[in-house]
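Take the sequence shown: its letters are residues -17 to 177, numbered as in the working numbering. All C-beta atoms in this analysis are idealised placements derived from N, C-alpha and C, irrespective of residue type, glycine included. Okay, structure first, notes after.
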Amino acid sequence: MAESTNPVIGFNKPETHSLERKVARYKEVLDNTRQYRELWNASFKNALVEALTRISKSAGIACSVEVRSEIQNLEAVVLSLGSQESGLGEPVGDNLFRPLIKQNGSLVYQQLFNGKILVLINYPYIEKYGQPLPPKTIAIYRPEELKDPYCLRHLETFLNEITHWEDQDDETPEVAHRIGFNVNLEDNNTNTPPA
C-alpha cells in the first residue's frame, strides 16, 4: 500500500503535484501585483510623467501630462491635448449660440487592478455631436517593460489615430454593420434586405 503524505485526505504526493504547482503560480501572481504597485509608486509613475513631458516637448506637441489618482492603486498618467470650442454652436435663443466643446483626445497609462499598465487612446469628441468612439487599447505591460522607446511609439500611434479622426471624410471605408445595429432602413422601395 502506497504511503500517503496526508492520511486524512488520502492523496499521495504525485497526485497533488499539479495542484501544488497551481498554488505556487497563484502566489507568484499575487506577489507580482504587490511588486508592480510598489514600483509604480516608488519610481515608475514619475519617470513616465517625465518621459512623456520630455518627448512631447521635443516633438512640439501642445499637451499636458498629469497623474489622476481618484482610486489608490488604480492611478493613471494622462497625456491630454486639452479641450476647446469646436466651432459648432447650439442655438439657445434669439440669435444666441452656445459653443459645443471638443475634447481633443488623450493617451492614457492606466494602472490595472493587478499592477500592470494598460495603454489606451481616448479619441476626440464633440459634445452633443454623435457618440464618442470607444477607447483604443494599444497594449498591456508590466511596469519594467515600459521604456522611452515604447512611449515614443505610443505617441506616434496616438497622433496617427487623432489625425485620422480629425481628417475623416466620406472616402473612409465604413465599418461592416452588425445585425440589428446601424442598419440602413431608408430605402423601402426595393425588395432586397438592408445590408
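Exercise. Cβ of Gly71 within 8 Å of Cβ of Phe79?
Worked result: Taking 8 Å as the Cβ cut-off, Gly71 and Phe79 qualify as a contacting pair.
Problem set entry | Bridge partners - Glu72, DSSP secondary structure assignment | Arg80, per the DSSP bridge assignment.
Exercise. If you drop the 5 nearest sequence neighbours on each side, which residues of the same chain put their C-beta closer than 6 Å to that of Leu100?
Worked result: Result list for Leu100: Gln92, Leu94, Ile122, in chain order.
Exercise. Contact check, Lys118 vs Glu138 under 8 Å by CB: the rounded distance?
Worked result: Not quite, the Cβ-Cβ distance comes to about 14 Å (not below 8 Å), so this is no contact.
For this session: Going by DSSP, name the residue or residues bridged to Thr119.
Result: Partner(s): Leu102.
Problem set entry | Nearest residue (CA-CA) to Glu127, options Trp22, Pro(-4), Tyr107 | Answer by Cα proximity: Trp22.
Problem set entry | Limits of the beta strand (DSSP E) - the one that Gln92 falls within | Looking at the DSSP string, the run of the beta strand (DSSP E) that includes Gln92 is 88 to 93.
Problem set entry | Nearest to Leu115 (by Cα), restricted to the options Gly75, Glu148, Pro131 | It is Glu148.
Exercise. Looking at C-alpha atoms only, which residue of Ile103, Val5, Lys129 is the closest neighbour of His146?
Worked result: The candidate whose alpha carbon is nearest that of His146 is Ile103.
Exercise. With distances taken from CA atoms, which of His136, Lys39, Gln85 is nearest Tyr111?
Worked result: Of the candidates His136, Lys39, Gln85, the one whose C-alpha sits nearest the C-alpha of Tyr111 is Gln85.
Exercise. What is the rounded straight-line gap between the Cα of Gln66 and the Cα of Asn77?
Worked result: Distance from the CA atom of Gln66 to the CA atom of Asn77, rounded to whole angstroms, is 22 Å.
For this session: Taking all protein chains shown into account, decide if Leu1 is buried (16 or more other Cβ within 10 angstroms of its Cβ) or exposed.
Result: By the neighbour-count definition (other C-beta atoms within 10 Å, threshold 16), Leu1 is an exposed residue.
Exercise. Using DSSP with H/G/I as helix, E/B as strand and the rest coil, what is Ser40?
Worked result: If DSSP states are grouped into helix, strand and coil, Ser40 belongs with the helices.
For this session: Give the single residue among Gln150, Asp130, Arg135 whose Cα lies nearest to the Cα of Leu30.
Result: When each option's Cα is compared against that of Leu30, the closest is Asp130.
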